[in-house]
Amino acid sequence: MSLLALQRAMRDQILAVEPDGVAAGSERGLAVYRHAYRAQLAACLRDTFSKTQAWLGDEAFDRACQDHIADHAPHSWTLGDYGEGFEHTLRRLYPRDPEVFELAWLDWGLSRAFDGPDADPVSQEALASVDWDRAVLHFVPTLSISLVRTNAAAIWSAIAEGVTPPPAATLPQPAAVRVWRLGLSPQFRTIDALEREALELALKGAGFAEVCDRLAGQGDDGQSAQALGAMLGSWLQDGLITSIT
Amino acid sequence: MLDPIAPFQGFGLGLRPPHYREFLEEDLDVDFVEVISENFMVRGGRPLHVLDRVRERYPVAMHGVSMSIGSVTGVRPDYLTRLKALVDRVDPIWVSDHLCWTGIGGFNSHDLLPLPYTEEALAVVCANVARVQDVLERPILLENPSSYVTFADDTMSEQGFMAQLCERTGCYLLLDVNNIFVSGTNHGFDPYAYIEGVPADRVRQIHLAGHSQGRELLIDTHDQPVPDPVWTLYEVACSRFGPAATMIERDDDIPPLSELLAELDIARRRACSSGRRAA
Numbered sequence: 013m014s015l016l017a018l019q020r021a022m023r024d025q026i027l028a029v030e031p032d033g034v035a036a037g038s039e040r041g042l043a044v045y046r047h048a049y050r051a052q053l054a055a056c057l058r059d060t061f062s063k064t065q066a067w068l069g070d071e072a073f074d075r076a077c078q079d080h081i082a083d084h085a086p087h088s089w090t091l092g093d094y095g096e097g098f099e100h101t102l103r104r105l106y107p108r109d110p111e112v113f114e115l116a117w118l119d120w121g122l123s124r125a126f127d128g129p130d131a132d133p134v135s136q137e138a139l140a141s142v143d144w145d146r147a148v149l150h151f152v153p154t155l156s157i158s159l160v161r162t163n164a165a166a167i168w169s170a171i172a173e174g175v176t177p178p179p180a181a182t183l184p185q186p187a188a189v190r191v192w193r194l195g196l197s198p199q200f201r202t203i204d205a206l207e208r209e210a211l212e213l214a215l216k217g218a219g220f221a222e223v224c225d226r227l228a229g230q231g232d233d234g235q236s237a238q239a240l241g242a243m244l245g246s247w248l249q250d251g252l253i254t255s256i257t
Numbered sequence: 049m050l051d052p053i054a055p056f057q058g059f060g061l062g063l064r065p066p067h068y069r070e071f072l073e074e075d076l077d078v079d080f081v082e083v084i085s086e087n088f089m090v091r092g093g094r095p096l097h098v099l100d101r102v103r104e105r106y107p108v109a110m111h112g113v114s115m116s117i118g119s120v121t122g123v124r125p126d127y128l129t130r131l132k133a134l135v136d137r138v139d140p141i142w143v144s145d146h147l148c149w150t151g152i153g154g155f156n157s158h159d160l161l162p163l164p165y166t167e168e169a170l171a172v173v174c175a176n177v178a179r180v181q182d183v184l185e186r187p188i189l190l191e192n193p194s195s196y197v198t199f200a201d202d203t204m205s206e207q208g209f210m211a212q213l214c215e216r217t218g219c220y221l222l223l224d225v226n227n228i229f230v231s232g233t234n235h236g237f238d239p240y241a242y243i244e245g246v247p248a249d250r251v252r253q254i255h256l257a258g259h260s261q262g263r264e265l266l267i268d269t270h271d272q273p274v275p276d277p278v279w280t281l282y283e284v285a286c287s288r289f290g291p292a293a294t295m296i297e298r299d300d301d302i303p304p305l306s307e308l309l310a311e312l313d314i315a316r317r318r319a320c321s322s323g324r325r326a327a
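Structure follows, in structure tokens:
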């Protein structure tokens, strides 16, 4: 058997739900590799999605892992990428419990932010000379945003603090969560629809004045201008902005 | 022509997250620190911050698990690019990985899968090692893995395969004494004869670890203290290989650092009692 044929056969036997005959190596030895493959991936998911696991319980979470592993062979050289898409598996398994996949999105976003690219927040000195009519904001590369319908963020925080999490609930208003890293610490914050829209516009390259113009029509002009000013302040305070050009 | 790797005699431990604080703040009796390369082949954040600080305090050896040096489809260029970036950042005492394959094409098992010891596999591994060494601009060390299968097509022993590999590529060896014991038990070969067949001048590092008894096979679990038969084999290895750096691997059920430091002291004593040659 050529090396290519042997490696393909062994890969197929590791991936198969039930190995059909042993083309490479002995059956008992192959069982070790088949078990190690699944155990390693499940451990990776448990490590990455620890709050989701705590919410679902070990048994349900392990079933979700096995479901995901059966359909998702790893492709990246790093195990750190394996959690990509796990929230979609949970969305399929728990269509009526949106807090489950929203929790998973939060776990995943924080995990990505943990070792994402470094970036320093813009300095106070640089702010002094900004021409706000032309200013374009640039954000930390670890920033990600997702719509949320539930109180998943509150559930995540309660689990992290070791207190009893609140029951799952639908939020009264549509909201979003932004995730980023400040210094070495991953962070998240629940934001309203206006801030989500402003961030998404700014991330697409719109200047801050354009963001203000486009969102000024939402509700009372005075109120939105005030809100946009406050949100710029919170972006600076949270270290979201790396430079302003 | 790549510069040879000079022997580095010392006793080290792995850098694992539960022990970050001690490695950063305390004056530990370790001569070097080994890191899992992939854990630091990231874009930023705490892992690299910690590694940079640790590197200021200790020599660092980089040990990888995803090079897939035995893959017939070659070593992934994206992996090599990231590894080279980390090598440039850390300037490690050496870079090691395993004599195995972890995936093929777009698939990665994230496990150390066994190679058949054939001329074809040797040619594949030699070509991959040559490419890696060209990119990294330094020779690498390869470690004998624990294995749970052998192949009917094998035409040489593992140690014979490694000897040929070193001769053809100029690479070095990281000899895992526990893995020799585990594979020897699983496949019925004599671990002492294995050590006799290893090219002594190519061994630059020794790994020590514990294992567990599976249903039918010994499993390389790295979750136990080093057991007596592995210590005995280590003494034999020390007397044969002389000045090779020794490191204790613990990746699961990680105990307090003080326990690992105490185990490292045992390694020092065992190395001395073996009549190990001075560096």
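So the protein sequences, as listed, match chains E and B.
Using this note's numbering, the letters of the first sequence correspond one by one to residues 13 to 257.
Using this note's numbering, the letters of the second sequence correspond one by one to residues 49 to 327.
Glycine included, every Cβ here is placed at the ideal spot set by N, Cα and C.
Report the residue from the options whose alpha carbon sits nearest the alpha carbon of residue i.
i	options	result
E215(B)	D238(B), P247(B) and A54(B)	P247(B)
R263(B)	G245(E), D83(E) and A43(E)	A43(E)
E191(B)	G151(B), M110(B) and A171(B)	M110(B)
E114(E)	S14(E), T162(E) and A54(E)	T162(E)
S306(B)	A54(B), D75(B) and G58(B)	D75(B)
I84(B)	H146(B), P52(B), G122(B) and Y165(B)	H146(B)
G258(B)	I267(B), L222(B) and G118(B)	I267(B)
S255(E)	S141(E), A180(E) and M13(E)	S141(E)
P275(B)	H235(B), P304(B) and V225(B)	V225(B)
L96(B)	E297(B), F237(B) and Y68(B)	Y68(B)
R137(B)	L308(B), F88(B), D299(B) and F229(B)	F88(B)
E283(B)	M295(B), D313(B), R298(B) and S321(B)	S321(B)
L196(E)	Y45(E), A116(E), F151(E) and A131(E)	A131(E)
R317(B)	S260(B), W279(B), F229(B) and I302(B)	W279(B)
D100(B)	V135(B), Y240(B), S119(B) and P66(B)	V135(B)
I167(E)	W117(E), I157(E) and R40(E)	W117(E)
One question on the structure: do residue i and residue j come within less than 8 Å of each other, judged by their Cβ atoms?
i	j	result
I188(B)	F56(B)	no
T101(E)	A66(E)	no
R193(E)	F126(E)	yes
T202(E)	W120(E)	no
V12(B)	V102(B)	It is not possible to answer for residue 12(B), since the shown part of chain B is limited to 49 through 327.
G60(B)	D79(B)	yes
F200(E)	L139(E)	no
P86(E)	L57(E)	no
A180(E)	D93(E)	no
P107(E)	P129(E)	no
L215(E)	R190(E)	no
I53(B)	Y220(B)	yes
H255(B)	D299(B)	no
A210(E)	L227(E)	yes
L15(E)	V120(B)	yes
Would DSSP call residue i helix, strand or coil?
i	result
A35(E)	With a pLDDT of 48 at A35(E), under the threshold of 50, the modelled position of this residue cannot be trusted; read the value that follows with caution. Looking at A35(E) - three-state DSSP - the assignment turns out to be coil, as it is neither helix nor strand.
R64(B)	coil
S135(E)	coil
E82(B)	strand
Q272(B)	coil
M295(B)	strand
S14(E)	coil
D51(B)	coil
D250(E)	coil
R201(E)	strand
H259(B)	coil
M105(B)	According to the sequence shown, residue 105(B) is Arg rather than Met. Reduced to three states, the DSSP call for R105(B) is helix.
R91(B)	coil
I267(B)	strand
V173(B)	helix
L76(B)	coil
R56(B)	Sequence inspection shows Phe at residue 56(B); the Arg mentioned does not correspond to that position. F56(B): coil per DSSP, three-state reduction.
V251(B)	strand
I302(B)	coil
S321(B)	helix
How close, in whole Å, do the beta carbons of residue i and residue j come, if the pair is a contact with beta carbons under 8 Å?
i	j	result
P177(E)	A205(E)	The Cβ separation is near 25 Å, so there is no contact.
A310(B)	C286(B)	That pair is no contact at about 19 Å.
G58(B)	A315(B)	Contact doesn't hold; Cβ gap of about 11 Å is too wide.
N156(B)	W89(E)	6 Å
I117(B)	V180(B)	7 Å
D202(B)	A48(E)	Not a contact, Cβ separation roughly 22 Å.
Y45(E)	L161(B)	6 Å
T129(B)	C174(B)	T129(B) to C174(B), Cβ: 22 Å. No contact.
**Prompt:** Where are the beta strand (DSSP E) runs, 3 residues long or more, that stay fully inside the stretch 175-236 of chain B, in chain order?
**Reply:** 189-191 and 220-224
I'd like the ranges of any beta strand (DSSP E) spanning at least 3 consecutive residues and lying wholly in the stretch 110-166 of chain B. 143-146, 149-152 and 155-161
### Task
Run through the stretch 32-120 of chain E for me and flag every whole alpha helix (DSSP H) of 4 or more residues, listed as ranges in chain order.
39-60, 62-68, 70-83 and 98-105
- prompt: Taking only runs of the alpha helix (DSSP H) that begin and end inside the stretch 153-197 of chain E, which ones reach a length of at least 4 residues, in chain order?
  reply: 164-173
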